[in-house]
Amino acid sequence: MLRHSCGYEAKVLCKKCGTLLIYRERAGVYCPSCGRHVTIVCPGCGKVWD
Ligand SMILES: [Zn+2]
Ligand SMILES: [Zn+2]
679 MLRHSCGYEA
689 KVLCKKCGTL
699 LIYRERAGVY
709 CPSCGRHVTI
719 VCPGCGKVWD
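Just so you know, we're using the numbering used here here: the sequence shown kicks off at 679 and counts up by one.
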């Protein structure tokens, strides 16, 4: 589960392998399985999920 700084929570799956994406400071949002980095716009506040 991803939790944005605005309080919004989202389950986002990797389009490549279907693993739940995770967030790490500095690294941003990425897939722990295949290492793919993803840029997500938060549906809650409309800002980039960084
Ligand atoms: Zn993946
Ligand atoms: Zn947000």
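We put the beta carbon where it would ideally sit given N, CA and C, even for glycine.
- Alpha carbon to alpha carbon, how far is Gly724 from His715? Start at 1 with the first residue of the sequence shown, and residue 724 comes out as number 46. Start at 1 with the first residue of the sequence shown, and residue 715 comes out as number 37. Cα to Cα, Gly724 sits roughly 19 Å from His715.
- Taking the C-alpha atoms as reference points, what is the distance between Thr697 and Cys684? Locating residue 697 in the sequence shown gives position 19, where the first residue counts as 1. Locating residue 684 in the sequence shown gives position 6, where the first residue counts as 1. Rounded to whole angstroms, Thr697 to Cys684 spans 24 Å at the Cα level.
- What residues match up with Val707 in a beta bridge as DSSP calls it? Translated into positions along the sequence shown, residue 707 becomes position 29. Answer by DSSP bridge pairing, in chain order: Tyr701.
- Item | For Val726, the three-state DSSP class (helix, strand or coil) | Start at 1 with the first residue of the sequence shown, and residue 726 comes out as number 48. Here DSSP, grouped into helix, strand and coil, assigns Val726 to strand.
- Task: Could you have a look at Arg714 and say whether DSSP puts it in helix, strand or coil?
- Result: Your numbering for residue 714 matches position 36 in the sequence shown. If DSSP states are grouped into helix, strand and coil, Arg714 belongs with coil.
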